[in-house]
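> I have a structure I would like to understand better, so I am pasting it below and will then ask my questions one at a time.
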Amino acid sequence: MFITTTARLSIAALLAFGVVASADVNLEFRVDDNLVDPADTVPVRIYVVGDPGPPAETVGAIEAIFTWDTVHLTLDGVDPANPANLIFAGFPAVGTGGLNEANPPADGDGVFVGLGPLGTPTPAAEAGTLFATLNFTAVFSTPNTDISFLASAGTPTRETVVFDGTTPNTIVTGTLSGTSLIIRCGPFDAALPYGQLDLADVSVFAAGFLANDPVADLNEDSIFDLADIDAFITGFLAGCPLPPTP
829 MFITTTARLS IAALLAFGVV ASADVNLEFR VDDNLVDPAD TVPVRIYVVG
879 DPGPPAETVG AIEAIFTWDT VHLTLDGVDP ANPANLIFAG FPAVGTGGLN
929 EANPPADGDG VFVGLGPLGT PTPAAEAGTL FATLNFTAVF STPNTDISFL
979 ASAGTPTRET VVFDGTTPNT IVTGTLSGTS LIIRCGPFDA ALPYGQLDLA
1029 DVSVFAAGFL ANDPVADLNE DSIFDLADID AFITGFLAGC PLPPTP
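Following this note's numbering, the numbering of the sequence shown begins with 829 at its first residue and continues without gaps.
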């Protein structure tokens, strides 16, 4: 899908003439589970969050600058589910300060643009409303890797902007909150600290296997047998995959 000339002009006009409203809409990255394995697809969800109390805020569009660590995560693109019925959701090449060098961006920073349906703005609930989802693939293990919004970046400088869905030409950008992931070595990396294989992982697996705990069901077939033991031994002996040396 591509962004139309009309949409580009609309965004440019809003950026040029927008004014700040009294109530804000905050942007948050959220994940369903922050513990993942290499090769997992990781949905990182963008929520629009209204400030407590009236007035209730709505969102017409967002232009969000974000960053991630390319050693540990690869950006796959925008999830097609489209929960907010956006007329465009993606990474336009034009007007992003050079941040979108590819579609999807691959160098650790990018600009996501989401345009809401005309006449039907997205409500920004106090608990948060799902606006869009970015899919990443976990690559190498790490005890922590962040996915963050940036207030500004690029050359020329661009800013993260949330546009009100009710009052035209109104900017309602609030706070920006990122999220983080733990990427363990694999399902055989069963104990803290993740990313380090030792006797603690053996003990957790053995205890789980004897107790029929899902932590030891490595092939996820709900049967605890030699297949799970073989998977644990193979993974444990192979160790944690390491990123290439620069």
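Note that the Cβ used here is the ideal one computed from N, Cα and C, for glycine as well.
Given the structure is predicted, the values throughout are model-derived calculations rather than measurements.
Ala1018: buried (16+ other C-beta within 10 angstroms of its C-beta) or exposed?
buried
> Could I get the ranges of all uninterrupted beta strand (DSSP E) runs contained in the stretch 993–1025, with 3 residues as the minimum, in chain order?
Qualifying beta strand (DSSP E) stretches, in chain order: 998–1005, 1007–1011.
> If we require 4 or more residues per run, which alpha helix (DSSP H) segments fall completely within the stretch 910–951?
none
> Could you give the distance in angstroms between the alpha-carbon of Pro1042 and the alpha-carbon of Thr998?
50 Å
> Alpha carbons only, please: which of Ala1035, Pro1069, Gly1067, Ile1010 is nearest the one belonging to Val864?
Ile1010
> Check each candidate in Asp1053, Thr970, Pro1072, Ala981 and name the one with the smallest Cα separation from Gln1024.
Thr970
> Taking the C-alpha atoms as reference points, what is the distance between Phe977 and Ala1055?
42 Å
> Helix, strand or coil for Val1043 per DSSP?
Helix, per DSSP.
> Can you give the beta carbon distance from Val989 to Ile890, rounded, assuming they're within the 8 Å contact cut?
7 Å
> If I follow the unbroken alpha helix (DSSP H) through Pro1027, where does it start and stop?
The sequence given here places Leu at residue 1027; Pro does not occur at that position. Its alpha helix (DSSP H) spans residues 1027–1038.
> So, for Val872: in the same chain, excluding its five sequence neighbours on each side, which residues have a beta-carbon less than 8 Å away from its beta-carbon?
Phe857, Arg858, Val859, Thr961, Leu962, Asn963, Phe964, Ile975, Thr1007
> Determine the DSSP secondary structure at Leu1054, reduced to helix, strand or coil.
helix
> What is the rounded straight-line gap between the Cα of Glu954 and the Cα of Asp1026?
44 Å
> How about Glu968 and Ala912: do their beta carbons lie closer than 8 Å?
It is Phe, not Glu, that sits at residue 968 in the sequence shown. Cβ atoms of Phe968 and Ala912: not closer than 8 Å.
> DSSP puts Val798 in a beta bridge; with which residues?
Absent from the model: residue 798. The displayed extent of the chain is 829 to 1074, so no value can be given.
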